[in-house]
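The structure under discussion appears below in the form of structure tokens.
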Amino acid sequence: MTCLVTGGAGYIGSHTVADLLDSGEAVVVVDNLSTGHRQAVPDVPFYLADIGDTAAMVEIMARHRVDAVIHFAAHSLVGESVRDPLKYYDNNVGASARLLSAMTRAGVRHIVFSSTAAIFGDPEHGPIADDHPKEPTNPYGGTKWDIEKMLGWAHRAYGLRSLSLRYFNAAGAHTARPLGEDHHPETHLIPIVLRVALGQRDSVSIFGTDYPTPDGTCIRDYVHVQDLAAAHRLAVQRLRQGEVTQAAFNLGNGTGFSVQHVVDVARQVTGHPIPVVMGARRPGDPAQLVASSERAKRELGWDPQYVDLRDIITSAWHWHSSHPQGYAR
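Following the numbering used here from start to finish, the sequence shown increments by one per residue and tops out at 664.
This is how it looks when you write it as structure tokens:
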């Protein structure tokens, strides 16, 4: 049995490949390297290819006797998706449809899909459970929700079995391998804060200090990337057991941390002052986004190991301080 990981050279994808290998799984990676890094993929079969190339994907699946796909490959910048929604629908939804077509032709029936908390939009309440109403407020979240629905129709028509994992704010870096977060442009808070500590940015901006939270700044749920990787492995195992046909799980720390608290902990971890510029709220930013992951813990046996914010930021700091230019070091 072999897992095919699409987008396996990306941030969460590469950590998942490492987790699978550490668990004794056979792995093959497909990535077009539009945002991923070849250096992040260990010595496993690697194909520089596009998941929308159905013929190529069928051939790869057959050659390696793939029985399960973990699907990360996607465009994922919220702002860009608003400016160019058709790019996102073509790449995320269209290419995913062609990937599912390749799976049906190759006889592959198991897929774990990388979804997102962005499908919930501005939540009505929290912590956000799996059955919370889905109202995406940007095209990126819309494409992910459309793919989840497409997986449901594919199950009915072709017998495809799927698990969708909706994670909140992926953070941190691998604690034993030279793997970390290297995005261009970088939009995630923790690496931006750490770039200030490295002297690569002058300051970090905090948008909104008047939210109904203890310190007035937004609260978000940060989940360690290795914990996310473990969830994907557990999801593949669950699908192989044949007890589930289609389901979706929220993955988060379960504890929210404010933007100001993230900066304060980063100052402690790095020993640098990290200047802050206070700004006005950004339109569409909810005060709090925190996941309820109880169902994932109960049904997948998911047991997050890195739940302390200091541990998460420390792992990220080790990566960024030893790889100040990312994988281009």
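The beta carbon of each residue, even a glycine, is placed where N, CA and C say it ideally should be.
Query raised in the report: Looking at the structure shown, is GLY414 part of a helix, part of a strand, or coil, going by DSSP?
Result: Secondary structure of GLY414 (DSSP, three-state): helix.
Requested in this report: May I ask you to list the residues that DSSP assigns as paired with VAL611?
Outcome: Answer is VAL539, bridged to VAL611.
Query raised in the report: Between the C-alpha atoms of PRO513 and ALA506, what's the straight-line distance to the nearest angstrom?
Result: It is roughly 15 Å from the alpha-carbon of PRO513 to the alpha-carbon of ALA506.
Query raised in the report: To the nearest whole angstrom, what separates the beta carbons of ALA464 and SER657, a pair I think is in contact under 8 Å?
Result: Contact flag wrong, Cβ pair sits at about 38 Å.
Query raised in the report: What is the DSSP secondary structure of ASN427, reduced to helix, strand or coil?
Result: Note: ASN427 maps to helix in three-state DSSP.
Query raised in the report: Can you name the residues that DSSP bridges to GLN581?
Result: Note: GLN581 sits in a beta bridge opposite SER497.
Query raised in the report: Would DSSP call PHE455 helix, strand or coil?
Result: Reduced to three states, the DSSP call for PHE455 is helix.
Query raised in the report: To the nearest whole angstrom, what separates the beta carbons of GLY476 and ALA453, a pair I think is in contact under 8 Å?
Result: The Cβ separation is near 3 Å, so the contact holds.
Query - Complete runs of the beta strand (DSSP E) confined to the segment 621–647 [at least 3 residues] - result: You should have found no qualifying run.
**Report entry** Burial state of ASP378, where buried means 16 or more other Cβ atoms lie within 10 Å
**Finding:** Counting Cβ neighbours within 10 Å, ASP378 comes out exposed, since fewer than 16 surround it.
**Report entry** Cβ neighbours of GLY387 in the same chain (closer than 6 Å, five flanking residues each side left out)
**Finding:** So the qualifying residues of the chain are ALA430, ARG433.
Query raised in the report: Hey, how far is the Cα of GLY614 from the Cα of HIS567?
Result: Rounded to the nearest angstrom, the two C-alpha atoms are 37 Å apart.
Query raised in the report: Leaving out the 5 sequence neighbours to the left and right, which residues in its chain are closer than 8 Å to ARG536 when beta-carbon positions are compared?
Result: Residues ILE527, ARG530 of the same chain have their beta carbon placed closer than 8 Å to that of ARG536, with the five preceding and five following residues left out of the count.
Report task. May I ask which residues mark the beginning and end of the beta strand (DSSP E) holding TYR557? Result -> In the DSSP annotation of this structure, the continuous segment of the beta strand (DSSP E) that includes TYR557 starts and ends at 554–559.
**Report entry** THR522 versus GLU516 - alpha carbon distance
**Finding:** The straight-line gap separating the alpha-carbon atoms of THR522 and GLU516 is approximately 11 Å.
Query - Counted within 10 angstroms of its Cβ, other Cβ atoms place GLY619 as buried (16 or more) or exposed - result: It counts as exposed.
Query raised in the report: Do you know how far the Cα of LEU635 is from the Cα of ASN588?
Result: Linking ASN588 to LEU635 through their CA atoms gives a straight-line distance of about 15 Å.
Query raised in the report: Helix, strand or coil: how does DSSP classify HIS372 here?
Result: HIS372 sits in coil when the DSSP states are folded into three classes, being neither helix nor strand.
Query - Under the three-state DSSP convention, the category ASP481 falls into - result: In this structure, ASP481 counts as helix in the three-state DSSP scheme.
Query - Proximity below 7 Å, CB of ALA437 to CB of MET392 - result: Cβ distance < 7 Å, so ALA437 and MET392 count as in contact.
Requested in this report: Put ILE386 into one of helix, strand or coil per three-state DSSP.
Outcome: ILE386 falls in the coil class under three-state DSSP.
Query raised in the report: Just how far apart, CA to CA, sit LEU355 and ALA361?
Result: Rounded to whole angstroms, LEU355 to ALA361 spans 8 Å at the Cα level.
Query raised in the report: Hey, quick one: how far does the alpha helix (DSSP H) through LEU356 stretch, first residue to last?
Result: Counting along the chain, the unbroken alpha helix (DSSP H) around LEU356 starts and ends at 346–357.
Query raised in the report: Can THR478 and TYR423 be called in contact, C-beta distance under 7 Å?
Result: Yes, the Cβ-Cβ distance between THR478 and TYR423 is below 7 Å.
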